[in-house]
Amino acid sequence: MKRHQTFRRQIALAGCLLGAGAASSCFCNTSRSSQMQSKITRQGAKETMESFYSAVNNRDLERAMEMVDDDATYEDFTFQEPFKGKEGVRELLEDAMELPKGLDFVIDETAGGESWSGDDSVGMTWHVEFDGVPLPNSRGASLYKTRGGKLFYARDIVESPLKLGGAALGIVSFIAPIIRALQRGSLGDLAPALAFATAGAIYWRRGLISCP
């Protein structure tokens, strides 16, 4: 009788151990699965921004906004002020949604942005096409930073339609002496500075419009 009771207890204990082991295994598998899923759902800035561009080109505003952080800042140098917060970025993208279909932002090259941490940055060069035809003066370069896999900071530098060439240096030569005189706070220095600036501007103007 005692042997039967002992045998039953051993079976019961074995059952408990097996049950605990199965539960532990299930928990571990679930935990590992969750960790793997977490890694899978994280993506680098490159992948995030490629998806972002795709959403913009498809005029899918809500899809694009899913990839924007609540505290995002978007600097587009064609505008005087940056767009701040998720609603600020939405305001910028709403204008893009009004563009005709077929007008697409095409990524040329990327640098970086392949970290899986979710906090990452990527540099991109791009241009705009209409029905597959590149548009003039439509090139640009951008820096994007992500936080938690979402766009946190952006800076767009767009190609200028005005090709100033050497005139840009002429503008700098005109402004620099004036700024220096104002910084010194000396009105006596301002007159020579203006004369020098004017001479510089005339020199650059003649250089630009004179025939070779």
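According to mature numbering (1 follows the signal peptide of the UniProt record, and there is no 0), the sequence shown holds residues -23 to -1, 1 to 189 in order.
Note that CB positions come from ideal geometry on N, CA and C, so glycine has one too.
Just so we're clear, the structure is a prediction, and the values are computed from it rather than from any experiment.
Residues of its chain near residue i, where Cβ-Cβ distance is below 6 Å and the 5 sequence neighbours each way are ignored
i: Glu58; result: none
i: Met101; result: Ile84, Thr87, Ser119
i: Gln20; result: Gly126
Beta-carbon gap between residue i and residue j smaller than 8 Å
i: Thr50; j: Tyr130; result: yes
i: Ala32; j: Asp97; result: no
i: Lys63; j: Asp47; result: yes
i: Ile152; j: Phe54; result: no
i: Arg40; j: Met74; result: no
i: Trp103; j: Gly89; result: no
i: Phe82; j: Asn34; result: yes
i: Glu68; j: Leu38; result: no
Beta bridge counterpart(s) of residue i as assigned by DSSP
i: residue 191; result: With the chain covering -23 to 189 only, the question about residue 191 has no answer from this structure.
i: Ile134; result: Ala118
i: Val45; result: Leu128
i: Leu159; result: Beta-bridge pairing links Leu159 to no other residue.
i: Leu80; result: Phe107
i: Asp53; result: Asp133
i: Phe60; result: Tyr51
Beta-carbon separation (whole angstroms), residue i vs residue j, contact threshold 8 Å
i: Ser28; j: Met42; result: That belief does not hold up - the Cβ atoms of Ser28 and Met42 are roughly 12 Å apart, past 8 Å.
i: Val105; j: Tyr121; result: Incorrect: roughly 17 Å between the Cβ atoms, too far for contact.
Chain-order list of residues whose beta-carbon lies under 7 Å from that of residue i (same chain, five-residue window excluded)
i: Phe107; result: Gly79, Leu80
i: Val66; result: Val45, Ala49, Tyr51, Phe60
Any non-hydrogen atom of the ligand MG within 7 Å of residue i CB
i: Ser31; result: Among the components of this structure there are no ligands whatsoever, and the ligand MG is therefore not found.
Closer than 8 Å to chain C by CB, residue i
i: Leu70; result: Among the protein chains of the structure shown there is no chain C, as only one such chain exists.
Residue i burial status per 10 Å Cβ neighbour count (16 or more: buried)
i: Leu128; result: buried
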